[in-house]
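Only one structure is covered here, and it is reproduced in the block below.
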């Protein structure tokens, strides 16, 4: 049976009194059985502290953690049946690959014959069985990462925890191993919690993502939902690149749910956000991704377009990044609003790289559904499916659409497995 994780009002404070640091501040979130769930956020947001509390390495200040309804909040790591993959992999250098993988089984008193078969089975799952007799220093970084994953899987954990497992690898290898880790986790059917600061990792691998800021979860949803419908400015800015366009609401939502906005460069239509009432005349900020804008000639009659002046183009191979400045409406002072656009597969035809010159007048347009109206910074986040708790939007693969201060340090991998001491080198 796969494991459902319930996190209820979980907090962790370091220090005491008014000067206490709230590393995790009242997080409530459910992680569904078999889900590949990502904790994503900038450095210091609390994602690693949250993962370590799930593992049992850090005792929470308040709140509860439950595995399938069983309260594990204050259980030590070796009583939770979790597998952990550390950022440094933490492989024993004097032991073979097979012995590293089988170590946790030995601590659990599994018969030696079964230890061997299960270790080889786990290595086969990560395509490392041919390397069973090698030592870690005879492996590449990517191969060591696979061995660490096999060691975590071999104990058949209820929950698999990964702490930035790809951060020590080069960029190309990280891309290659994304699909490999997802394949292994899904094949095993294990509930997996994965910490990363790499947005592309989260977007390409996760069933759902929790985005953290200052110890709080600000949005939970599928990668698509979080990227296309950020609930606030922080999420829009942190998750990829975006443009912020100020505006004022001119109309109530029409029959298609579209509202018209007044911007420094002219009218722009946008999709009204769910669960938020927009008042005519209220000031808003819109988020539009660079790839959502289209660049066209100055006489283009697109009805959802703004006039602009081209400033520069940066050619990046598969895309060209254009920087344009919005033109103010007649009689209005220049606002110097700069907008970034991404042109896919720039070939030189139309307005591709090599033809557009600085100073050229153009128009930029976007579909109304790609113009996201953000709530005020001091107002409540919109009530949107996939924006608060895990229960609001089921994960991909399970019926979703494509949205007391005690510290136990994990100083060595054997603590994560059982709390034993490693065998001495012979």
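Numbering (my numbering), first residue to last: 34 to 459. Glycine included, C-beta positions come from ideal geometry on N, C-alpha and C. All values derive from a computational prediction rather than experimental measurement.
Item	Value
Output needed for residue 135: all residues of its chain with C-beta closer than 6 Å, excluding positions within five of it in sequence on either side, in chain order.	148, 152
Quick check for students: name the residue ranges of the beta strand (DSSP E) that lie wholly in the stretch 67–132, counting only runs of 3 or more.	69–73, 95–100, 115–118
Comparing alpha-carbon positions, which option in 200, 345, 210, 374 lies nearest residue 230?	200
Report the partner residues of residue 394 according to the DSSP bridge assignment.	342
Can you tell me the Cα-Cα spacing of residue 375 and residue 296, whole angstroms?	21 Å
Is it the case that the stretch 295–312 contacts the stretch 262–279, given that we only count it when at least three CB pairs across the two stretches are under 8 Å?	yes
Suppose you measure from the CA of residue 345 to the CA of residue 352; what does that come to, to the nearest Å?	14 Å
Under 8 Å, with one C-beta from each stretch per pair, do the stretch 43–56 and the stretch 227–241 reach the 3-pair mark?	no
Pop quiz: residue 301 and residue 280 are said to be a contact at Cβ under 8 Å. What is the actual Cβ separation, rounded to whole angstroms?	7 Å
Only counting the same chain, and skipping five residues up and downstream in sequence, which positions put a Cβ closer than 8 Å to that of residue 162?	153, 156
For residue 159, I'd like the list of residues in its chain whose CB is within less than 7 Å of its CB, leaving aside the five on either flank, ordered along the chain.	179, 182, 183, 217
With residue 256 as the anchor, note down where its alpha helix (DSSP H) starts and where it stops.	256–261
When you compare the CB of residue 293 with every CB in chain D, is at least one pair closer than 7 Å?	The structure shown contains no chain D; it holds only a single protein chain.
Would residue 75 and residue 89 qualify as a contact pair, given that the criterion is a beta-carbon distance under 7 Å?	no
Do the stretch 245–260 and the stretch 98–118 make contact, defined as three or more Cβ pairs closer than 8 Å?	no
Can residue 469 and residue 228 be called in contact, C-beta distance under 7 Å?	The question about residue 469 has no answer here: the residues shown for the chain are numbered 34 through 459.
Return the Cβ separation of residue 115 and residue 67 in integer angstroms, given the expectation that the two are a contact with Cβ distance under 8 Å.	The Cβ separation is near 15 Å, so there is no contact.
Work out the CA separation of residue 105 and residue 47 for me, nearest whole Å.	21 Å
Could you compute how far the alpha carbon of residue 319 sits from the alpha carbon of residue 408?	9 Å
My assumption, with CB atoms under 8 Å, is that residue 194 sits in contact with residue 226. Please give the rounded CB distance.	5 Å
From the DSSP output, in three-state form, read off residue 404 for me.	coil
So if DSSP puts residue 223 in a beta bridge, which residue, or which two residues, is it bridged to?	Answer is none; residue 223 lacks a bridge partner.
Could you give the first and the last residue of the continuous beta strand (DSSP E) run that contains residue 280?	276–282
In the stretch 155–243, which residue ranges form an unbroken alpha helix (DSSP H) of at least 4 residues, counting only runs that do not cross its ends?	174–187, 204–221, 232–238
Looking at the secondary structure, which residues open and close the beta strand (DSSP E) in which residue 47 lies?	38–47
In three-state terms, what does DSSP make of residue 135?	helix
So, at 6 Å on beta carbons, what are the nonlocal neighbours of residue 329 in its own chain, with the 5 sequence-adjacent residues on each side left out?	396
Out of 298, 350, 187, 140, which has the shortest C-alpha to C-alpha gap to residue 378?	350
Going by the DSSP bridge assignment, what does residue 347 pair with across the sheet?	354
Looking at residue 299: is its Cβ nearer than 7 Å to the Cβ of residue 211?	no
Can you tell me whether residue 316 is buried or exposed? The criterion is at least 16 other CB atoms within 10 Å of its CB, across all chains shown.	exposed
Applying the 10 Å Cβ sphere with the 16-neighbour rule, what's the burial state of residue 122?	buried
Taking all protein chains shown into account, do 16 or more other C-beta atoms lie within 10 angstroms of the C-beta of residue 43, making it buried, or fewer, making it exposed?	buried
With which residues is residue 309 paired in a DSSP beta bridge?	BP columns for residue 309 are empty, so no partner.
Please report the residue range of the alpha helix (DSSP H) in which residue 321 lies.	Per DSSP, residue 321 belongs to no alpha helix (DSSP H); it is in the beta strand (DSSP E), 316–321.
What does the Cβ neighbour count give for residue 204, buried or exposed, with the cut at 16 atoms within 10 Å?	exposed
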